[in-house]
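Worksheet: one structure, shown below.
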């Protein structure tokens, strides 16, 4: 079906379109987003961990209605975690300050023994001091992973007592939008350009 | 875990370490270049000038090996756009002309061969064709899709490296070599060099002013301490621009003054 728009009709509907755009408009389902569409949206999970100030952080409560990027990883990660965090931070720097403040980035460590609150904070500060770092006991982190539905992290030590181990963990970043669901995940390989394209769209309600 | 032995460098996606790695394919190619060069200069004139030029050529052969091998080779293929730019600059703007400088006296001393391959070489090294070859290779091998696609495989990376040597030889042949014989006065050489290397500046400008890191392979590489992909890309652009300017304008200046002095001497005679 096609709708012919005459100049006069365009002018009549323009205020309505602009008004919808100004207040965010209805939720938009965009096929143009660069993030991978999830087969089923994931509801904003309900878990509580501890932030880098030592305060409890109730994920669902504290991020409700906000665009929230959720990642699992660890600060000794040689590749995936620093690249994902750096690319998100670089893309966010291209946004206005107001838009930057509308995005919450939450990084949950999957390596609490080595990722102390101080280490986690200083690592995240390399990217953006506003990024939130969460930690907890192994059991609490497992519950958080299960709440999101990601693969559980596993420590891969070469020998018992080896502190130079790596941690296998979910590499994708989940984007929870204003409707309190994640419709998109951003796997490792997402470029700064992809984030810069998608973040404004996600803020506008696209999913 | 990256293997410590690879036939040729390629992007590995593992954290960079300063542990030495072996690349036998690079050694074989370096040996082939050295063997070819030795065969080409053997039996050439034995004047002090020819000996000096042969030594310059050998420096080019050694630099070819150093440009391809660890650490610059793996850094360029999997970690840093700036290392990639330095490698490109060395292979096209330094290694190639040095090797040609070494080959020139021997080639000039021999009678021109009459084979078909010599006729092909005459066409390929004519200034217009040589400039086109250099521009096509330099341009194509800096397209992000090509870099990202080729650098992940040893064969792709090998193809890019060799194409840069070919591009450099093509670019510098009309400047350095007097054979195949052709009329190519110095003012035309200066113009040729300036126009043929404009693409070099074009690539550098794209790197310097890009809004985002243009190569996925370097953006997604395990981070190097204190260097963001954007800064790395800008350094790459700076190396391309400044390094290219130094080499091209240095050679142009040398050519100009040699030509001017010779003209003055001819006028005085």
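Chains as they are written, first to last, in my numbering: chain A, 1 to 207; chain B, 208 to 476.
Cβ coordinates follow ideal geometry from the N, Cα and C atoms, glycine included.
Residues bridged to residue 186 of chain A [DSSP beta-bridge criterion]: A:173
Of the residues B:423, B:294, B:394 and B:389, the one placed nearest residue 367 of chain B, counting alpha carbons only: B:294
Exposed unless 16 or more other CB atoms sit within 10 angstroms - verdict on residue 342 of chain B: buried
DSSP three-state assignment for residue 181 of chain A, whether helix, strand or coil: strand
Span of the beta strand (DSSP E), counted from its first residue to its last, around residue 156 of chain A: 154-156
Minimum Cβ-Cβ distance from residue 108 of chain A to chain B less than 8 Å: no
Positions along the segment 105-138 of chain A whose CB lies within less than 7 Å of some CB in chain B: none
Proximal chain A residues relative to residue 486 of chain B, where beta-carbon distance stays under 9 Å: The question about residue 486 of chain B has no answer here: the residues shown for chain B are numbered 208 through 476.
N- and C-terminal bounds of the beta strand (DSSP E) containing residue 167 of chain A: 166-168
Whole runs of the alpha helix (DSSP H) within the segment 239-312 of chain B, excluding any shorter than 4 residues: 255-275, 279-285 and 288-296
Chain A contacts from the segment 218-249 of chain B (Cβ-Cβ distance under 8 Å): 220, 221 and 222
Buried or exposed by the 16-neighbour rule on C-beta atoms within 10 Å, applied to residue 492 of chain B: Any answer about residue 492 of chain B is impossible in this case: the structure gives chain B only from 208 up to 476.
Closer than 8 Å to chain A by CB, residue 429 of chain B: yes
Selection from A:93, A:129 and A:134 that minimises the alpha carbon distance to residue 113 of chain A: A:134
Within-8 Å CB hit, residue 79 of chain A to chain B: yes
Chain-ordered neighbours of residue 381 of chain B on chain A, where CB pairs are closer than 7 Å: Ordered by position in chain A, no residue passes the 7 Å Cβ test against residue 381 of chain B, which lies about 40 Å from the chain.
C-beta contact flag for residue 175 of chain A and residue 35 of chain A at 8 Å: yes
Reduced DSSP category for residue 322 of chain B - H, G, I as helix; E, B as strand; rest coil: coil
For residue 282 of chain B, the nearest candidate out of B:301, B:303, B:226 and B:337 (CA to CA): B:226
Within the segment 35-63 of chain A, ranges of the beta strand (DSSP E) (whole runs, at least 3 residues): 36-43, 48-51 and 56-58
Three-pair Cβ contact test at 8 Å for the segment 295-302 of chain B versus the segment 369-383 of chain B: yes
Closer than 8 Å to chain B by CB, residue 83 of chain A: yes
Segment limits, beta strand (DSSP E) that includes residue 109 of chain A: 103-109
Candidates B:456, B:370, B:275 and B:449: closest to residue 235 of chain B by CA position: B:275
Three or more C-beta pairs below 8 Å linking the segment 403-412 of chain B and the segment 155-175 of chain A: no
The segment 419-432 of chain B in contact with the segment 190-197 of chain A per 3-pair CB rule at 8 Å: yes
Minimum Cβ-Cβ distance from residue 366 of chain B to chain A less than 8 Å: no
Nearest-angstrom Cα separation, counted from residue 82 of chain A out to residue 71 of chain A: 11 Å
Host alpha helix (DSSP H) of residue 421 of chain B (start-end): Counting along the chain, residue 421 of chain B falls outside any alpha helix (DSSP H), and DSSP gives it neither H nor E.
Backbone CA spacing between residue 200 of chain A and residue 105 of chain A [nearest angstrom]: 15 Å
Chain A contact residues for residue 420 of chain B, given Cβ-Cβ distances below 7 Å: 192
Short CB-CB distance (under 8 Å) between residue 423 of chain B and chain A: yes
Spatially closest choice to residue 383 of chain B from B:363, B:313, B:272 and B:323, by CA coordinates: B:313
Segment contact flag, the segment 451-465 of chain B with the segment 307-325 of chain B, C-beta cutoff 8 Å, min 3 pairs: no
Close Cβ partners of residue 370 of chain B (< 7 Å) along its chain, the five nearest in sequence each way excluded: 344 and 348
Cβ of residue 390 of chain B within 8 Å of any chain A Cβ: no
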